[in-house]
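Heads up, the sequence shown is in our numbering, so the first residue is 564 and it goes up one at a time. Note that beta-carbon positions come from the ideal geometry of N, C-alpha and C, so glycine has one too. The structure appears right after this line, and notes come after that.
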Amino acid sequence: MIRPIFWFLARLPLLVLILVLALVMSSCTMLGMNYASLETDNKPAPKPALNVPAITTEGSPEREALKQRFEDVLYGPWPAGMPVSFGDWQMIDPEYLDGRGTLEEVEITIGSGEGARSFVMVTAFPKETGPVPVVISQTFADTCSVFPDEPVTNAEGQVCDGGMMEGFPGWAATQIFGTYIALAPVERYFDAGLAYASFYASDFIPDRKKEAPEAMAALGGPVNPTSALMAWAYSFSAAVDVLDADPRIDPRAVGVMGHSRHGKSALIAAVWDRRIAAVVAHQSGFAGASLSRSHTGERLDRMAKAYPHWLAPEAQDWIDRLDEIPVDQHELLALVAPTPVLLGNGRRDVWSDPNSSFRAAEAASAAYEATGHTGLTVSGMRDFDPAAGISWWLRPGGHSVVSEDIDAFTVFLHSHLVGEGASQYAVH
């Protein structure tokens, strides 16, 4: 009797990992199950047709009407006028990365009254003369996991003593979702000439069906968000407020970056906050860069049922008639123009539907060209041009953040935010 028990206990971690993998692969990301199609010519053109002159005219009634349709159908209102306040920077490490920079943190508060919510943004500033570009990242794990060797502050206001990515759960997560699903390779962003800022979006609005709507409704603004995606997009904007006010940062060269759900919020933020000068939207999928009318992968209707808090309640009215939805994501990408955007993808990430994302990028390219910038310059899904206005990135593998992705992110951000003439995209 004892021997079978010891056999079972010895193999329990492996059994747990197999169970986790089975659950993830069946209901979340379809890791390794298939390859995304690279054929786009045999697919229908995205609808509705773009009104390029109107979309690319900042402040035009037609552009504002399209933004309003996205609010009405998918994302809920941009919380205009929602109070944002922040404290002073607190030094974490004055000789970060062997003296290459400093690591500091600041508490940001969004909202007013008892329902206002706060989160900590940690920023690595390179020791450079003059203002530098910065990329702001929303992460999937707490700051304790993003900066595991540094005494940053957790959500309870205490110095971190371990994080979400410790032990077996963290090891399993990185095996599935990549080394950099949480960990920040800050030295590589420094090498690219960038400061790096990071915060855990769920510290602001929790990524949970019940708690997210309650938190948003209690924020106490003149307009409250009704979707977590819009709320997380607004937290990007609040982070821009903080870094805009810091003389060490070039306010014309602020980028935002997110993976999966946070890639969606990064795209939204770039439409509603025109100070943003570059976007990395990695594997953003449905309600991000992938077409809502597509029936491949997760599909918008599945996403809306599984994660109803990500979208506005009104989105539920459309999930059974996606072919009639009044907006689609090529229009969102066109609204981002001329802000450069990298759309990252994995060939095995069929769940996020890279094929329809590429077709959305093809359609939106006209909006970039109309503003005198390059749009999508590649002729197929295998090519990569980091200097393009719409930079398409496709690598092998699944829904994850791996070293190859960091290479793509940094070369794209360096191309558009660093150096002479690079800071031309932000609208102030």
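Nearest-angstrom Cβ-Cβ length linking residue i and residue j, presumed shorter than 8 angstroms
i    : j    : result
L980 : P788 : About 28 angstroms; that fails the 8 angstroms criterion.
F873 : L792 : Before going further, note that residue 873 is Trp rather than Phe in the sequence given. That belief holds up - the Cβ atoms of W873 and L792 are roughly 5 angstroms apart, short of 8 angstroms.
V965 : G741 : 4 angstroms
A971 : A927 : At roughly 19 angstroms, the Cβ-Cβ gap does not stay under 8 angstroms, so A971 and A927 are not in contact.
A844 : L830 : 5 angstroms
R856 : V803 : Wrong, their Cβ atoms sit about 32 angstroms apart, outside the cutoff.
V683 : T706 : 6 angstroms
DSSP three-state assignment for residue i, whether helix, strand or coil
i     : result
H845  : strand
T686  : strand
E719  : coil
G664  : strand
Q631  : helix
M654  : strand
S706  : The residue asked about is misnamed: residue 706 is Thr in this sequence, not Ser. Correct three-state label for T706: helix.
A585  : Note that A585 has pLDDT 43, beneath the 50 cutoff, so the model's placement of it is unreliable and no number is given.
E1005 : What the structure shows of the chain is the stretch from 564 to 991, and residue 1005 is not part of that stretch, so it cannot be assessed.
F947  : coil
S648  : strand
V698  : strand
R856  : coil
W641  : coil
C591  : Only weak support exists for where C591 lies, its pLDDT of 45 falling under 50; the value from the coordinates is given anyway. Of the three classes helix, strand and coil, the one that applies to C591 here is coil, per DSSP.
L863  : helix
I953  : strand
R958  : strand
R626  : helix
S681  : strand
G982  : coil
Y870  : coil
L613  : coil
I839  : coil
W570  : Model confidence at W570 stands at a pLDDT of 49, short of 50, so the residue's coordinates are unreliable; what they give is reported in the following sentence. Here W570 sits in helix by DSSP.
Of the residues the options, the one placed nearest residue i, counting alpha carbons only
i    : options                : result
R824 : Q846, A816, P814       : Q846
V715 : A780, T603, R751, S761 : S761
V647 : L885, Y759, A794       : A794
S978 : E774, D754, A930, P611 : D754
Q631 : T859, G961, S915, A875 : A875
M820 : L957, S790, L976       : L976
A736 : S708, F849, G622, D968 : S708
S954 : E967, G960, A924, G961 : A924
P917 : A758, D948, G848       : G848
P776 : A841, R865, K827, G678 : G678
S765 : S675, E668, Y797, V722 : Y797
H822 : G784, L746, L806       : L746
Residue i beta carbon near the ligand MG (any heavy atom closer than 7 angstroms)
i    : result
E625 : Among the components modelled here there is no ligand, and therefore nothing to report on the ligand MG.
Practice item. Could I get the ranges of all uninterrupted beta strand (DSSP E) runs contained in the stretch 745-822, with 3 residues as the minimum, in chain order? Key: 758-763, 812-822
Point to revise | Sequence ranges, beta strand (DSSP E) only - wholly within the stretch 881-940, length at least 3 | key: 904-909
Review point. With a cut-off of 8 angstroms, do at least 3 Cβ pairs link the stretch 792-812 to the stretch 681-694?
Key: yes
Review point. Within the chosen definition, does the stretch 889-909 reach the stretch 598-612 through at least 3 CB pairs nearer than 8 angstroms?
Key: By the Cβ test, the stretch 889-909 is in contact with the stretch 598-612, since at least three Cβ pairs between them sit closer than 8 angstroms.
Practice item. Please determine if the stretch 879-886 and the stretch 925-939 are in contact, where contact requires at least 3 C-beta pairs separated by less than 8 angstroms. Key: no
Point to revise | Meets three-Cβ-pair contact criterion under 8 angstroms: the stretch 717-736 and the stretch 628-645 | key: no
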